[in-house]
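Step one of this worksheet: look at the structure below.
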Amino acid sequence: ESKGTMMYDYLNDRKIDDGILDASEKWGYLGDTALRPNHNRYWFRMSHHQAMPAEFFAKLDLDILSDQDYLHEFRDGLTGFEKTEKYFRKNFDRELDEYDDPVRTNTLNLNRNWNKYSLNAEALWYDDIIKRRWEATDNTIQRLPFIGLDGSKQQIFKTPFYLDLDSEYTYFYSEDGQRGHRADLYPRLYLPYKFKNYFSFEPSVGVRETVWYMDRKETGEDYLSAEKKRFNRQMYDIKLDLSSEIYSLYDSSIFATNGIKHSVEPQVIYEYIPDRDQSQFPNLDVDSIDRIEKKNQVTYSITNTLTAKSKKKRMENG
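Here our numbering is used: the first residue of the sequence shown is 6, the next is one more, and so on.
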């Protein structure tokens, strides 16, 4: 379904918040003496969902504010934050950033799903209002763009092996900080085994290849020709999944049912990721890919499930 909504509010504000008495109480923050002229004030927000050719789907979400005080002062009212957030949540399943969050999220997303694969492309911009408004140093990391291709778990031809895939490419951009490319390829190989009706055992191994090619350092300086800009990392992890199911069937006539199944599913999972020094690799600090934490962990769980079979009315001809 294609649909969209655009909202824009503008105010020519003659009030100056200088942090003194009445101005501070009504318009700003107590104890904050920063001048806030904020004459031309606005809030532009929109969401648009668009069906595209070849079964692609696009989403555009914008949230642009003139200053960090705007939503504090216009939290209520017909076009205030509360009603706007409720509207976008109901009609677009979108959650706006909190009214007191000075960093606003803006995204353009294009996606496509197939039977076994999915493609997700996105431009993501975090607008730091305070840094933009006062032209301060802005090291906020943006994703321009992010492209992800994922494959669901599937059998490899007619072999007993299965494979899934997580892969992505991102260009990280910062106004005053580091910039660079990162590609990450993460396939996982499974060998599931079921011993009659007693238990299931699924060992798997994941292999990760990550490549960085950096354009600028964290300080905002360009790399010198003699400095290393390209980095490679290879890692692996192991997972062992052991599970079983024990169940009983009971006759029942309650709640219009004629049978109840009670199943108990115990499961034990072992996960291992080796410890490795990764300090030599870039750290963009936006997700868990740049620094893979070591793991040597066993988890267990027991799941109880009750399933009822409903009665069906029989129709007789006569």
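From the three backbone atoms N, C-alpha and C, an ideal C-beta is built for every residue, glycine too.
Beta bridge counterpart(s) of residue i as assigned by DSSP
i, result
"N17", "N45"
"L245", "P208, Y275"
"S123", "N118, D155"
"L170", "G156, P192"
"H54", "K8, K64"
"L289", "DSSP output for L289 lists no bridge partner at all."
"S253", "H267"
"K199", "S205"
Residue burial classification, residue i (beta-carbon count within 10 angstroms, cutoff 16)
i, result
"H4", "Limits of the chain in this structure are 6 at one end and 323 at the other, which puts residue 4 out of reach."
"H54", "buried"
"Y75", "buried"
"Q147", "buried"
"D290", "exposed"
"Y195", "buried"
"W139", "exposed"
"F255", "This sequence places Tyr at residue 255; Phe is not what is there. That one is exposed."
"L165", "The question names Leu, yet the displayed sequence has Pro at residue 165. Exposed, by the Cβ-count rule."
"I134", "buried"
"R137", "buried"
"D68", "buried"
"L83", "exposed"
"S71", "buried"
"E78", "buried"
"D18", "buried"
"V273", "exposed"
"F162", "exposed"
"P287", "buried"
"Y178", "buried"
Residue i versus the options, residue with shortest Cα-Cα distance
i, options, result
"E270", "I278, D246, F286, D256", "D246"
"Y203", "K88, L16, D81, E250", "E250"
"T110", "E103, Y131, A126", "Y131"
"G9", "R99, R80, L70, L83", "R99"
"Q285", "V216, I307, N301", "V216"
"T224", "Q183, D18, Y178", "Q183"
"R193", "F61, P208, E180", "P208"
"A141", "E180, G264, H77", "E180"
"R238", "Q302, F162, H77, Q283", "Q283"
Beta-carbon contacts of residue i that lie in its chain and below 7 Å, excluding the five residues immediately before and after
i, result
"G36", "Caution is warranted here: a pLDDT of 49 is assigned to G36, below 50, making its placement in the model unreliable, and no coordinate value can be reported."
"K121", "G156, S157, Q159"
"K199", "S205"
"Y218", "G185, H186, K234, R235"
"P279", "K299"
Spatial neighbours of residue i in its chain, beta-carbon cut-off 6 Å, leaving aside the 5 residues before and after
i, result
"Y174", "I152, A188"
"R213", "Y191, M240"
"A242", "The sequence shown places Asp at residue 242, not Ala. G211, I278."
"A128", "L113, L149, P150"
"F97", "S52"
"T310", "S268"
Cut-off 8 Å between Cβ atoms - residues of its own chain near residue i, not counting five sequence neighbours on either side
i, result
"T89", "M12, R50, L101"
"Q73", "P107, I134, I135, R138"
"A126", "N114, L115, N116, P150, F151, I152, G153"
"F61", "L115, N116, R117"
Assumed close pair residue i, residue j - CB separation to whole angstroms, cut-off 8 Å
i, j, result
"S7", "A56", "5 Å"
"D66", "T112", "5 Å"
"R80", "Y47", "Not really, about 16 Å apart at Cβ, beyond 8 Å."
"S52", "F93", "6 Å"
Any C-beta of chain C under 9 Å from that of residue i
i, result
"L245", "Annotation note: the requested chain C is absent from the structure, which comprises a single protein chain."
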